[in-house]
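Numbering (this note's numbering), first residue to last: 1 to 381.
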């Protein structure tokens, strides 16, 4: 039986489909709330925008962690465990839903919801309608409208009851976590556990990117974070080099160079990646740029250029042998046993020139396919 409840919040109406059990839990700051949700348009068709049950993974948020859709915290705080309720929310509460939905969909698709490797201000993303990547969300962002949220509250865990993931930390906690993650990544790199190291570096970058979106681009606090991010991304790229993910290295290092053309390490790592994918000219340019920016690197660059030269020479020799073997095989396959059996041709009503053209053509063919020297065209004139 449906039960209508008035909430002391303008622009929100609640309808209970299934009452929960026990008292309303305490939603303390830092508590983790797990729930299923379905988002529905207020149109005649009742168009479903998102449904966590179809994805198969419930939603989790941390109370007081500046979740983009603040109204959800208020809705959840009115519910009991096991309760299923419908909330109608007007446009003042739903304007940021397209951004939330985009992140949730990217997570469901196994993608990074933060786009940490893209140098774009979060505020710019908000107004760049074409960047959401989903037609229905683009339309919803252009034309904000009231939405209905059907929520089933599964559980509420106090901060002491679970291990908090990095994304759930406050900004201060994230800043404190970064050097720990950085150090752990370095330790794993030295042990040769490159994939595990990339996870640590990536996690640290995500922390900093999240904080950076709250700063004004290119001002001192933003640039300080950017420098830390670049260091971590380049460490991440060094792992990728060892994992032979050369094209991803090229992508990340080029991105850094485009925005910060004075980062020596970015040119050096990109040069190594270019060398690995046989981009000889590009690799040389990168290594030359390293020396221009930091002459103390000349000895190391000389070593890398020698390695590159040796690899290119080895590759050239390998290709020569490959083509030599191909041609030897082709000629060997074409050779036939020598024969002394005369070959006779008849040229009724043919001119001398026509007979000559034919025989010269045949002789060329015969030289490669049969036995050279067994055909004398002068006998046929």
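Note that beta-carbon positions come from the ideal geometry of N, C-alpha and C, so glycine has one too. All values derive from a computational prediction rather than experimental measurement.
State the Cα-Cα distance for the pair residue i and residue j, rounded to the nearest angstrom.
{"i": "residue 166", "j": "residue 15", "result": "35 Å"}
{"i": "residue 310", "j": "residue 64", "result": "58 Å"}
{"i": "residue 51", "j": "residue 37", "result": "6 Å"}
{"i": "residue 231", "j": "residue 225", "result": "10 Å"}
{"i": "residue 175", "j": "residue 28", "result": "23 Å"}
{"i": "residue 239", "j": "residue 266", "result": "14 Å"}
{"i": "residue 100", "j": "residue 70", "result": "11 Å"}
{"i": "residue 57", "j": "residue 49", "result": "16 Å"}
{"i": "residue 128", "j": "residue 55", "result": "In this prediction, residue 128 scores a pLDDT of 42, lower than 50, which makes its location untrustworthy; no coordinate-derived value is stated."}
{"i": "residue 219", "j": "residue 178", "result": "21 Å"}
{"i": "residue 150", "j": "residue 7", "result": "16 Å"}
{"i": "residue 252", "j": "residue 294", "result": "21 Å"}
{"i": "residue 81", "j": "residue 74", "result": "15 Å"}
{"i": "residue 134", "j": "residue 318", "result": "48 Å"}
{"i": "residue 145", "j": "residue 291", "result": "57 Å"}
{"i": "residue 299", "j": "residue 188", "result": "28 Å"}
{"i": "residue 211", "j": "residue 285", "result": "35 Å"}
{"i": "residue 92", "j": "residue 107", "result": "26 Å"}
{"i": "residue 213", "j": "residue 96", "result": "16 Å"}
{"i": "residue 140", "j": "residue 132", "result": "11 Å"}
{"i": "residue 109", "j": "residue 302", "result": "44 Å"}
Beta-carbon separation of residue i and residue j under 8 Å?
{"i": "residue 228", "j": "residue 153", "result": "no"}
{"i": "residue 88", "j": "residue 13", "result": "yes"}
{"i": "residue 287", "j": "residue 276", "result": "no"}
{"i": "residue 241", "j": "residue 197", "result": "no"}
{"i": "residue 250", "j": "residue 283", "result": "no"}
{"i": "residue 263", "j": "residue 297", "result": "no"}
{"i": "residue 320", "j": "residue 278", "result": "no"}
Going by C-alpha to C-alpha distance, which of the options sits closest to residue i?
{"i": "residue 39", "options": "175, 53, 307, 28", "result": "53"}
{"i": "residue 45", "options": "30, 56, 148, 144", "result": "148"}
{"i": "residue 31", "options": "263, 42, 155, 138", "result": "155"}
{"i": "residue 233", "options": "219, 255, 97", "result": "255"}
{"i": "residue 9", "options": "25, 59, 77", "result": "77"}
{"i": "residue 18", "options": "259, 55, 83", "result": "83"}
{"i": "residue 181", "options": "283, 246, 207, 137", "result": "207"}
{"i": "residue 157", "options": "94, 146, 68, 33", "result": "33"}
{"i": "residue 11", "options": "271, 263, 90", "result": "90"}
{"i": "residue 68", "options": "260, 102, 193, 145", "result": "102"}
{"i": "residue 20", "options": "210, 85, 313, 250", "result": "85"}
{"i": "residue 94", "options": "321, 262, 42, 105", "result": "42"}
{"i": "residue 199", "options": "316, 284, 183", "result": "183"}
{"i": "residue 217", "options": "61, 259, 284, 278", "result": "259"}
{"i": "residue 161", "options": "62, 313, 302, 264", "result": "62"}
{"i": "residue 104", "options": "60, 302, 164", "result": "60"}
{"i": "residue 244", "options": "302, 159, 195", "result": "195"}
{"i": "residue 186", "options": "169, 204, 173", "result": "204"}
Provide the residue(s) that pair with residue i in DSSP beta bridges, ordered along the chain.
{"i": "residue 173", "result": "Partner(s): none; residue 173 has no beta bridge."}
{"i": "residue 251", "result": "DSSP output for residue 251 lists no bridge partner at all."}
{"i": "residue 85", "result": "16, 151"}
{"i": "residue 59", "result": "35"}
{"i": "residue 157", "result": "32"}
{"i": "residue 40", "result": "48, 148"}
{"i": "residue 213", "result": "In the DSSP output, where bridge partners are listed per residue, residue 213 has none listed."}
{"i": "residue 21", "result": "81"}
How should residue i be labelled, buried or exposed, when 16 other C-beta atoms within 10 angstroms of its C-beta is the threshold for buried?
{"i": "residue 237", "result": "buried"}
{"i": "residue 269", "result": "buried"}
{"i": "residue 171", "result": "exposed"}
{"i": "residue 281", "result": "exposed"}
{"i": "residue 247", "result": "exposed"}
{"i": "residue 202", "result": "buried"}
{"i": "residue 347", "result": "Since pLDDT at residue 347 reaches only 49, below the 50 mark, its modelled position is unreliable, and the value read off the structure follows with that caveat. Exposed."}
{"i": "residue 322", "result": "exposed"}
{"i": "residue 313", "result": "exposed"}
{"i": "residue 306", "result": "exposed"}
{"i": "residue 192", "result": "exposed"}
{"i": "residue 142", "result": "exposed"}
{"i": "residue 289", "result": "buried"}
{"i": "residue 98", "result": "buried"}
{"i": "residue 22", "result": "exposed"}
{"i": "residue 209", "result": "buried"}
{"i": "residue 381", "result": "Residue placement at residue 381 is flagged as unreliable, the pLDDT there being 38, under the threshold of 50; a coordinate-derived value is accordingly withheld."}
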